[in-house]
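Below: the structure, in structure tokens.
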Amino acid sequence: MKIEEGYMPFHGFQTYYRIVGEPNPDKAPLLLIHGGPGSSHNYFELMDDYAETGRQLIMYDQVGCGKSSLPDDPVVYVKETWANELIALRQYLHLDEVHMLGQSWGGMLEMYYLTEFDPQGIKSVMIDGSPASIKLWTQEQHRLISYLSYEDREAIAEAERTGNFSGPKYLAANDRYMERYCWDDPDENSPEPLRRPTNGKRASLIAEGPNEFTENGTISDFDVTDQLHKIHVPTLVTSGTDDLCTPLVAKSVYDHIPGAKWHLFANSRHLALLDQHDEFIGVLDQWLHDND
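Counting from 1, position 243 in the sequence shown corresponds to residue 243 in UniProt numbering; the numbering is continuous, with no gaps.
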């Protein structure tokens, strides 16, 4: 398979992109938008084989992440920057007609892009494990924390009370929370793309905050719930039964988008692409086929 890598100039920075496969007039390309803020395209490389179906895959690292520029200036790390970068990337790569899949923060970015900018040429969107409201997200994270051990609950509560998120008990508790609802810490047995650094710690801390349940960064007031009715393209909401994006969070997105569909992956955490890979690819393939 052909793999093309390159960089797009953007606001004095560089945005890394990676294209897998060839253009196909019968199948619009799939643009993949990673999570975080502060993750990278890396985990989307687990989808490379899907390009063998004849559908071109396009992935990229948002500014502040991966192989893209890593600015020091905190004013860069806001949703408007990443939305304008998405707009610029579509223009730069001539993605006049495209399907989009956004995972976690990537799905939030999709929702903001669709409701704020009313873009043209979007054939369908998949919103994978994404909240429309950070307030609801943090409420649900605290509910998930209630299922942890007493010791882990206390360690997290103490970190939140003091604002000290560096203690060993808190760090161990947060690791166990993330392993239960997000994904395992990469080790030598993990797929190679997951072992690579995302280079997004600064972006994550500035935009989100110290963790998934203490959202005090630049996106902490994110809430597009009341704007979701503006989305007029075919939309598939997906989430896992054991996901940071709880069924309530996913349903709050699904309920507000006219004509949306929802697929719940059993036995999946925050990355069904990893936990339920074959089912994820099957659901995605059928969705794209139905909306080409």
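Backbone N, C-alpha and C fix where the C-beta goes; we use that ideal spot for every residue, glycine too.
Item: Between which two residues does the alpha helix (DSSP H) containing Asp96 stretch?; Value: Where Asp96 is concerned, there is no enclosing alpha helix (DSSP H), given that its DSSP letter is neither H nor E.
Item: Over what stretch of residues does the beta strand (DSSP E) that includes Ile19 continue unbroken?; Value: 13 to 20
Item: Are the CB atoms of Gly167 and Ala159 nearer to each other than 8 Å?; Value: yes
Item: Any chance you could list the alpha helix (DSSP H) runs of at least 4 consecutive residues sitting entirely within the stretch 186 to 254, in chain order?; Value: 192 to 195, 201 to 207, 247 to 254
Item: Apart from the five residues just before and just after Ile87, which ones in its own chain have a Cβ nearer than 8 Å to its Cβ?; Value: Tyr113, Phe117, Pro119
Item: Nearest-angstrom Cα distance between Tyr50 and Leu284?; Value: 10 Å
Item: Exposed or buried, what is Met59 when buried is set at 16 or more other beta-carbons lying within 10 Å of its beta-carbon?; Value: buried
Item: Could you tell me whether the Cβ atoms of Ser39 and Gly200 are closer together than 8 Å?; Value: yes
Item: Give the single residue among Ser130, Ile33, Glu45 whose Cα lies nearest to the Cα of Ala83.; Value: Ile33
Item: Just the C-alpha distance for Asp221 and Cys245, rounded to the nearest angstrom, thanks.; Value: 17 Å
Item: Does the stretch 176 to 186 come into contact with the stretch 266 to 277, if we say contact requires no fewer than three beta-carbon pairs (one atom in each stretch) closer than 8 Å?; Value: yes
Item: Terminal residues of the continuous beta strand (DSSP E) containing His263?; Value: 261 to 265
Item: Taking the DSSP output, what are the residues bridged to Val125?; Value: Met100, Thr235
Item: What are the start and end residues of each continuous alpha helix (DSSP H) run of 4 or more residues lying completely inside the stretch 38 to 98, in chain order?; Value: 79 to 92
Item: Tell me, to the nearest whole angstrom, how far the beta carbon of Met47 is from that of Leu31; I am working on the premise that it is less than 8 Å.; Value: Not really, about 12 Å apart at Cβ, beyond 8 Å.
Item: Please state the DSSP three-state secondary structure of Gly6.; Value: strand
Item: Taking the alpha-carbon positions, what's the Lys67 to Pro247 distance?; Value: 33 Å
Item: For the stretch 205 to 219 against the stretch 134 to 151, do three or more pairs of beta-carbon atoms, one drawn from each stretch, fall closer than 8 Å, so that the two count as touching?; Value: yes
Item: Is it buried or exposed for Ala172, if we count other Cβ within 10 angstroms and need 16 for buried?; Value: exposed
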